[in-house]
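What follows is a set of notes on a single structure, which appears directly below.
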Amino acid sequence: MDQREPPSMTATARAMMTPLPAVRLGLLMWSVVLGVVSSGWRLGVVFAGTLALAAVVQPGGLRVLRRPALWLSLVPLLVLPLFVIEPRDLALAGGLTVSSAGVTLGLSMLVRAITITVAAAGFSTTVSIRELADVLEAAGLRGLGFALGVAVHSVQQSHHVWTTTAKAFRLRGGFRTTRWRHGRLLLVTVVSTMLRRADETVAAAQARAFSPDRIRPAAARLSTPDWWWIAVLILIAMVLLVA
Amino acid sequence: MRYDVRELVYVGVFGGLWGAIEISAGSALHALAVPFTGLLLAATGLTIALVGRLYVPRPGSVLFMALATAFLKMFSVGGVVVTPIIGILMEGVLAEGGLLLFRSSRAGFAASGAVATLWPLVQPFVTQGLLGGAGVLGVYDGVLRLGAKLFGLTPASGLAIVGLLVAMHAAAGVLAGIMAWHVGTALRARGHEWTSESRRQ
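Sequence order for the protein chains is A and B.
Taking my numbering, the leading residue of the first sequence gets 298, the next gets one more, and so forth.
Taking my numbering, the leading residue of the second sequence gets 21, the next gets one more, and so forth.
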């Protein structure tokens with residue numbers, strides 16, 4: 298007997314593992330919204346669901362948990378409620394007392410923060426800015442994809458212009474006395490440089506007869522596995538909200 | 021609403037300028053835990069976005085720039101930070117609302133800046149208090165302690181501290197708005213004409 302999976306099954310499984318960007322945006326919204334409105338065991342379900350989703354379809358979300366900086370930023374969420382909330386009814390070693398309600402609150406804040414962070418990191422590592430722009434264009438935000446493309450390209454230029462101009466100002470004795478005036482001059486120089494470059498971009502786009510009206514977002518039809526994702530997520534959300 | 025090519029490029033460029041600040045200086049200031057980082061970044065970002073408004077004089081353009089900045093921040097190497105993204109978007113919404121009420125003028129820019137820079141003061145109540153579950157009163161307590169330390173008052177003088185914090189945030193916004201207007205005027209003197217309604221049509 299042939300032990301291989303039928304080809305259609307493999308394709309379906311592959312499609313389940315790679316949902317469309319629009320569905321991934323839905324996954325992000327699911328985790329964020331339910332993570333925010335849920336508490337107690339419901340929050341636990343959303344947390345587990347988000348981790349499972351990250352493990353299955355967006356592993357980049359779990360990689361963020363390896364960053365020490367993330368854990369460092371989460372420590373106050375867990376620790377502060379222990380000492381801020383009254384009454385401090387739990388005695389620890391060394392005569393230290395903490396609040397038992399603070400433990401519950403700190404843990405739920407921690408779980409909520411991890412849920413949102415994992416979901417957002419999973420989304421940003423699996424969906425490119427181009428794909429997201431396509432989703433937004435398809436949602437009616439015409440031209441946003443093109444503007445985002447320009448923004449991505451200009452952010453490096455902007456950074457370079459900011460640093461070189463600020464350095465030039467400092468070398469000429471800027472910012473020592475009249476900070477407001479020099480700050481304004483710095484901004485004028487930076488924006489002026491970027492506007493000149495923007496005009497070059499406009500000229501190049503117009504030379505290619507580019508028009509925002511002709512932008513056609515990449516066709517993205519939801520497949521059966523995408524509908525499965527949507528159905529499962531809606532079902533879980535309804536169960537959580539009603540139960 | 022349809023933007024032409026020039027307007028879309030300007031939205032991208034001003035979004036990129038704001039994004040560069042958020043990604044580089046923003047990440048550094050947050051990492052160093054400098055007090056009032058949010059206010060500093062909001063004032064700088066809004067100055068840029070309001071200058072951008074002079075070149076894309078359409079309702080919604082500041083929000084569009086904020087959207088571009090938020091996406092740049094979301095996909096930046098520094099990792100996903102949800103709260104700055106909420107902050108950028110809300111500042112865009114508030115500045116846009118301010119411009120809708122007060123129009124594009126020096127006073128309008130100052131008022132819009134003042135409205136939008138109040139967000140960094142409100143944000144902890146939303147992100148920590150409501151989203152994080154810390155409770156609004158817990159955050160209020162933290163804000164009072166910070167304000168008391170800054171102004172040399174006792175946390176008991178709650179209303180005075182809140183008033184001073186609001187005034188400080190609004191003043192930063194007013195300065196950002198006036199700075200944007202001055203920068204725009206200087207740019208026009210350098211030959212970068214503002215986009216007028218007649219030129220756009």
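Every residue gets a Cβ at the ideal spot worked out from N, C-alpha and C, and that includes glycine.
All values reported here derive from a predicted model rather than from experimental measurement.
- The alpha-carbon separation between serine 125/B and alanine 209/B amounts to approximately 17 Å.
- Note on the region 175-212 of chain B: whole alpha helix (DSSP H) runs with a minimum of 4 residues are 178-209, in chain order.
- Secondary-structure assignment with DSSP links threonine 394/A through a beta bridge to Ala388/A.
- With its beta carbon less than 7 Å from one in chain A, leucine 92/B belongs to the interface.
- Residues of the same chain with a CB within less than 7 Å of the CB of leucine 37/B, apart from the 5 flanking positions on each side, are Ile68 in chain order.
- Cβ proximity to chain B below 9 Å picks out Arg481, Leu482, Leu484, Val485, Val487, Val488, Ser489, Met491, Leu492, Arg493, Arg494, Ala495, Asp496, Thr498, Val499, Ala502 and Gln503 from the region 481-503 of chain A.
- Among the residues of chain B, none has a CB under 9 Å from the CB of isoleucine 411/A; the nearest is roughly 11 Å distant.
- Chain-order list of chain B residues neighbouring phenylalanine 507/A: Val25, by C-beta distance under 7 Å.
- If you compare the alpha carbons of Leu120/B, Ala86/B, Leu119/B and Leu121/B with that of proline 104/B, the shortest gap goes to Ala86/B.
- Taking a C-beta distance under 7 Å as the contact criterion, valine 415/A and threonine 462/A do not qualify as a contact pair.
- Glycine 470/A sits in coil when the DSSP states are folded into three classes, being neither helix nor strand.
- Contact between the region 373-380 of chain A and the region 437-452 of chain A is absent: fewer than three C-beta pairs spanning the two stretches fall below 8 Å.
- The continuous alpha helix (DSSP H) containing isoleucine 108/B extends over residues 102-122.
- Taking 8 Å as the cut-off between beta carbons, the residues of the region 73-86 of chain B near chain A are Tyr75 and Phe84, in sequence order.
- Rounded to the nearest angstrom, the gap between the Cα atoms of aspartate 161/B and arginine 339/A is 29 Å.
- At a cut-off of 7 Å between C-beta atoms, alanine 187/B does not count as an interface residue with respect to chain A.
- With distances taken between CA atoms, histidine 456/A lies nearest to Glu42/B out of Glu42/B, Val29/B, Val31/B and Gly128/B.
- Along the region 438-504 of chain A, the alpha helix (DSSP H) occurs as fully enclosed runs of 4 or more residues at 441-468 and 476-504, listed in sequence order.
- Judged by DSSP secondary structure, tyrosine 30/B falls within the alpha helix (DSSP H) whose first and last residues are 25-41.
- At a cut-off of 7 Å between beta carbons, leucine 37/B contacts chain A.
- Contact annotation: the region 63-81 of chain B touches the region 482-500 of chain A, with at least three C-beta pairs closer than 8 Å.
- Among the residues facing chain A, tyrosine 160/B is not included, as its CB has no counterpart in that chain under 7 Å away.
- Secondary structure of arginine 78/B (DSSP, three-state): coil.
- A residue is called buried once 16 or more other Cβ atoms fall within 10 Å of its Cβ, and glycine 197/B is buried on that count.
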